[in-house]
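Accompanying notes for the structure given below.
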Amino acid sequence: MNKLKGGGALPARASWRQLSNGLVGGTAGIFMLSVLGEYTGVPWLMAPFGATCVLLFAVPASPLAQPRNVIGGHIVTAFIGILVLYVAGSSSLALAVGIAIMLMQALRVVHPPAGANPVVIILAGKSVIGLSFLITPVLIGSVGLVIIASIVNNIGVTTPWPLYWHGIKRKS
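Next comes the structure, spelled out in structure tokens:
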């Protein structure tokens, strides 16, 4: 076991199955969004989705990687980003991130990658971002990633994924 400075231990090495899930899930998720963008002419990719893939496929048992958190976190923070952009302007970017974090906590949908949504939205600006951004890419993209995670994370396992949707733990 590898020791960290201060006496802690490094996490266990990922199994081949876990490594495969990361490779297959991350590739499939981002590929799906890329293909959708290519065929629709609408930008489906945003940087927070890459980080979402890390949680969905590398640590799927984490509370932060459950569908409620992924979808809810992305929707809440994107909405706040758009609201702040149109009401207060780009100078309120820091406030938008703070409000987004607070609302994710209050609504029990904390998803760390979604914390970047207000940054992405406000930096892109009004000429690129409108309310439709909530649907495409945010809602449909996050739902698509959850569907892929449902497939990849449930192949040949005894404990089903997700662990919960509405705060109610699933029985194995």
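FYI, in full-length UniProt numbering the residues of the sequence shown are 1 to 172.
Backbone N, C-alpha and C define an ideal beta-carbon position, used for all residues, glycine too.
1. With distance defined between alpha-carbon atoms, name the residue in Pro43, Leu23 and Leu123 nearest to Ile82.
2. Would you identify the three-state DSSP class for Ala9, choosing helix, strand or coil?
3. If we count the other Cβ atoms within 10 Å of its Cβ and call it buried at 16 or more, is Leu56 buried or exposed?
4. Starting from the C-beta of Pro67, find all residues in its chain whose C-beta is less than 6 Å away, skip the five residues before and the five after it, and write them out in chain order.
5. Could you check which residue in Ile30, Val42 and Ala58 has the C-alpha nearest to that of Pro48?
6. At which residue ranges does the region 64-105 contain complete alpha helix (DSSP H) runs of 4 or more residues, listed in the order of the chain?
7. Taking Gln105 as the reference, give the member of Thr77, Ile121 and Ile129 with the closest Cα.
8. Measuring straight from C-alpha to C-alpha, what distance separates Val110 and Asn69?
On the basis of the coordinates in this document:
1. The residue labelled residue 82 in the question sits at position 82 within the sequence shown. The option with the nearest alpha carbon to Ile82 is Leu123.
2. Along the sequence shown, one-based indexing puts residue 9 at 9. Strand.
3. Position 56 of the sequence shown holds residue 56. Burial call: buried.
4. Within the sequence shown, numbered from 1, the residue matching residue 67 stands at position 67. So the qualifying residues of the chain are Val146, Pro162 and Trp165.
5. Residue 48 sits at position 48 when you count from the first residue of the sequence shown. The shortest Cα separation from Pro48 among Ile30, Val42 and Ala58 belongs to Ile30.
6. 67-87
7. For the purposes of this step, residue 105 is taken as residue 105 along the sequence shown, with counting starting at 1. Ranking Thr77, Ile121 and Ile129 by Cα distance to Gln105 puts Thr77 first.
8. Translated into positions along the sequence shown, residue 110 becomes position 110. Translated into positions along the sequence shown, residue 69 becomes position 69. Computed Cα separation, rounded: 6 Å.
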